[in-house]
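What follows is a single structure, written as structure tokens, with notes after it.
Residue numbers (our numbering), protein chains in the order written: chain A, 1 to 522; chain B, 1001 to 1522.
If you want it as structure tokens, here you go:
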């Protein structure tokens, strides 16, 4: 069985304590789980085993995988910096399939629609399961019970925590690199498949037993400035193309044109201004969704109008964040991934556009991280319940269609604001109970909807500051009543309630199991 | 006893197999020792234990050390980037002494004359021993048997290897940082005590159980671009001054004016040109000594005259290396430490002046490192024997006066050249047997003296290439005969031959014991 020994965790969700044969810890509540023990320790390598001339290039990815000892049951990791233009991840499993290797675990930093072909390898047993964010087709496949193992969903920071802590041991990391040298030093800033940053791969580079760099732009040693260090790399593979440039980064990221979303953005920005959240020296993360980008534009204007400067803006970076930097209203972009071509250019050109690792920004098993130092974070959600708890992975119909991304990590900011519509396609966003519990309401401070703004009652400081505002403040119960009046009581989703139908678990930032996802009945 | 269970190692030196109570492995010959096991794994921290606002500043270094649990027998590490202007290292032991803490191990990345006051703590038992390069007064103190424990000398790369492999566990790393933020992010490029680079501290940051950053220039979060990552830092201490600027880096590094040394440099450069070692795309490390700098000037001229470009120059960086970069005859400076003010400026301003960690350049227990990719390395030595073996730590009188630095690491280059005088103060440099065996003759390719140039007979390729040269090629036996004729047979140095008088061991780059140093009799 994929999942065994179910218990009820601290937030009342029934979760397994054995997943894919390994023990896991149920969520204990915020700040309750204290890790013991030591970080994972990879084997000690020696220069004796690597070529003196530094040339680690081998003939093909198949050869590299064979030399790494690819075999049944191994865990293979990849990054998502090539986004929907990734030509490397699927190829790994094509090779594994040809070799007759079975029961692999794929641990991507995120999956994209381009990874849909992997469903056939989930079906035929080449891949046992995915541990990592998945969305769209792969998520749907998982929802209907197609995956042999139990999927494990982690936030970006949770992935780093799990690898660092040895919860997952990566046997082979395959790092697609827009530019690399034969020693394995690599960067995302240059080359025909430039994606700007490779920060999601740093943890894989550090902890994987074997590391393969795949590039379509080999340069003479040393590839500098480096993002990936060749000292951790076993083999380098040169291929024709690692990615489809126009799908790696969108040419432009675009602000929403929906009047409703524009209203959410305007109210969000006004709220931040009136509550004193936006100020000189502020640190913000607005995200790259259409609404978030619009919030960012408002922030840009407000900072400029007040003669203020944001101290930092967290990436994923976009043309709008780059404009803030280059317009002098922001000191630094701290960036984990580049979303558009302007962002890629900026990483290359601006020394204050900083290539940051997920370890630094998001890892909870670290001596502090950047999330709790960020003043304002703008996030989304598929559902929010009346206790402010949030869901980002499933829809109300039970289908697993999104990864967690940095959502759980960012909740730790000083003020987390969720601008969301009250309903989507007549499906309520505000619900009695979230279908999947991804983050505790204690960490969600403000919800902005087109029918009013809710401040979490725990934030008495914000409530005080907003007394007398012209913005429409309401309670979560007001919103719930309103959405029920509009949408009616939704049908019960066709989701199994059986433990044995658990298809995925959701990890919290500390590695504990906060909830699980059960099979959707067809 | 400090050292026990002596055996004869692969190069015939009698070495202990137990040092300071721990087992050590005798040198087995080049490329013979294959490490087993896993890297050291520090404890897993959690954000729960660190302030949400990221402010880790505490009132004093004493308070930080107490909070880190400073106690008897702990290992404390520091870096040497502040060189002879370091105001932090000694203070740590002043505090320990006041607290009555005993038997500490000091693991610096190097020691300088400014550390002489620590001898009193070696005498009174506050410090048990030094593990790391030491020179001048501390070395002399050790030579005469003053140190309670046995000193352990490692190369820069060997230090990284030892920490990574868990041979030494650092309890508390104290990182003096010219600029830092309250979270612990830090850089050496800015501030009144700017030293350019903090690359020697990266391994300490990664592996020490506790990390303290000490700065005299606190800036608001985030201190960017970072060299030290606050996610690994426990406490930040703000002091008036971490260093004496004029002693941190010399205002200028200077080429030798000695006619003899200028000749050595000229011949070395001519040799490199004639042997085809210097070419377009060459990688070089010339060092910062007076002779080496002069060699570098010749290389600069030759590259320019030929329209060639060096691919990289290894630091420690100086104004001369910076000139090569800025003059367009070098693509990259790969730098571990800045030796002068021009170098500090260049790290800050030139994006192709790369801040490199010792891990990347020198670690032998890595998947390859940069030393074997370097075409030409210019090094010194206190003694070279007729089998080309070298000594860099002791003089012929037995006194331990120098650290190993990067010397053992750099021996792995494609061509290692030692321009050395035949004798110094009538003491021969070419000897029958080196006083202390620091590096095997197989790795030393060319010796350039004022009485002739010797090519190691193993390098038949170089011998072939130099046929017909106008340079005075001689044999090592020629040189030995000549120096004996000039200096006469030297008196036997007053060095103990008793095992129990072992005062220091010399580690090879793979962590094995290549030789030891015995007490000098007064």
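Note that CB positions come from ideal geometry on N, CA and C, so glycine has one too.
Which same chain residues, not among the five before or five after residue i, have their C-beta less than 8 Å away from its C-beta?
i: residue 329 (chain A); result: 300, 303, 304, 308, 309, 310
i: residue 1042 (chain B); result: 1206, 1207, 1208, 1209
From residue i to residue j, what does the alpha carbon distance come to, in whole angstroms?
i: residue 81 (chain A); j: residue 314 (chain A); result: 16 Å
i: residue 1289 (chain B); j: residue 1506 (chain B); result: 23 Å
i: residue 359 (chain A); j: residue 1512 (chain B); result: 34 Å
i: residue 353 (chain A); j: residue 1193 (chain B); result: 25 Å
i: residue 1131 (chain B); j: residue 1115 (chain B); result: 14 Å
i: residue 1342 (chain B); j: residue 1200 (chain B); result: 20 Å
i: residue 450 (chain A); j: residue 1333 (chain B); result: 56 Å
i: residue 1293 (chain B); j: residue 1223 (chain B); result: 34 Å
i: residue 259 (chain A); j: residue 388 (chain A); result: 25 Å
i: residue 1186 (chain B); j: residue 1230 (chain B); result: 7 Å
i: residue 428 (chain A); j: residue 22 (chain A); result: 37 Å
i: residue 20 (chain A); j: residue 4 (chain A); result: 9 Å
i: residue 1122 (chain B); j: residue 1421 (chain B); result: 35 Å
i: residue 1498 (chain B); j: residue 367 (chain A); result: 48 Å
i: residue 253 (chain A); j: residue 406 (chain A); result: 19 Å
Compare the beta carbon distance of residue i and residue j with 8 Å and say whether it is the shorter of the two.
i: residue 239 (chain A); j: residue 213 (chain A); result: no
i: residue 1381 (chain B); j: residue 1411 (chain B); result: no
i: residue 1474 (chain B); j: residue 1488 (chain B); result: no
i: residue 142 (chain A); j: residue 503 (chain A); result: yes
i: residue 7 (chain A); j: residue 17 (chain A); result: yes
i: residue 135 (chain A); j: residue 401 (chain A); result: yes
i: residue 1416 (chain B); j: residue 1476 (chain B); result: no
i: residue 170 (chain A); j: residue 107 (chain A); result: yes
i: residue 1403 (chain B); j: residue 1173 (chain B); result: no
i: residue 1188 (chain B); j: residue 1233 (chain B); result: no
i: residue 519 (chain A); j: residue 144 (chain A); result: yes
Excluding five sequence neighbours on each side, which residues of the same chain lie with their C-beta closer than 6 Å to the C-beta of residue i?
i: residue 1296 (chain B); result: 1286, 1320
i: residue 1163 (chain B); result: 1203, 1207
i: residue 247 (chain A); result: 84, 85
i: residue 282 (chain A); result: 310, 375
i: residue 408 (chain A); result: 155, 439, 509
i: residue 1455 (chain B); result: 1446, 1462, 1463
i: residue 1345 (chain B); result: none
i: residue 1077 (chain B); result: 1107, 1170, 1173, 1204
i: residue 161 (chain A); result: 363, 364, 365, 511
Where does residue i land, buried or exposed, given buried means 16+ other C-beta within 10 angstroms?
i: residue 1159 (chain B); result: buried
i: residue 1486 (chain B); result: exposed
i: residue 1435 (chain B); result: buried
i: residue 1147 (chain B); result: buried
i: residue 151 (chain A); result: buried
i: residue 1012 (chain B); result: exposed
i: residue 1039 (chain B); result: buried
i: residue 337 (chain A); result: buried
i: residue 1001 (chain B); result: exposed
i: residue 379 (chain A); result: buried
i: residue 1356 (chain B); result: buried
Residues in the same chain with beta-carbon distance under 7 Å from residue i, minus the five sequence neighbours each way, listed in chain order, please.
i: residue 1442 (chain B); result: 1030, 1458
i: residue 1096 (chain B); result: 1070, 1104, 1126
i: residue 273 (chain A); result: 302
i: residue 1182 (chain B); result: 1054, 1055, 1056, 1057, 1218, 1221, 1236
i: residue 1291 (chain B); result: 1256, 1261, 1264, 1265, 1419
| Chain-ordered residues of the segment 1162-1175 of chain B with a beta carbon less than 7 Å from chain A | 1165
| said: To be precise: take each residue of the segment 1207-1235 of chain B, compare its Cβ to all Cβ atoms of chain A, and keep it if any distance is under 9 Å. Which residues remain? | reply: 1211, 1220, 1221, 1222, 1224, 1225, 1226, 1229, 1230, 1231, 1232, 1233, 1234
| query | Any residues in the segment 1365-1389 of chain B with a beta carbon nearer than 7 Å to a beta carbon of chain A? Which ones, in chain order? | reply | 1365, 1366, 1367, 1368, 1369, 1372, 1373
| request: Return the residues of the segment 310-327 of chain A that lie within a Cβ-Cβ distance of less than 7 Å from chain B, sorted by chain order. | output: 311, 312
| Listed in chain order, which residues of the segment 32-52 of chain A have Cβ atoms closer than 9 Å to some Cβ of chain B? | 32, 33, 34, 35, 36, 37, 38, 39, 40, 41, 42, 43, 44, 45, 46, 47, 48, 49, 50, 51, 52
| request: With 8 Å as the C-beta to C-beta threshold (strictly closer), list the residues of the segment 54-66 of chain A near chain B in chain order. | output: 54, 56
| Between the segment 183-196 of chain A and chain B, which residues of the former have a C-beta closer than 9 Å to a C-beta of the latter? | 183, 184, 185
| query | Can you list, in chain order, the residues of the segment 1402-1416 of chain B whose Cβ is nearer than 7 Å to any Cβ on chain A? | reply | none
| Within 9 Å of chain B by C-beta, residues of the segment 138-149 of chain A in sequence order | none
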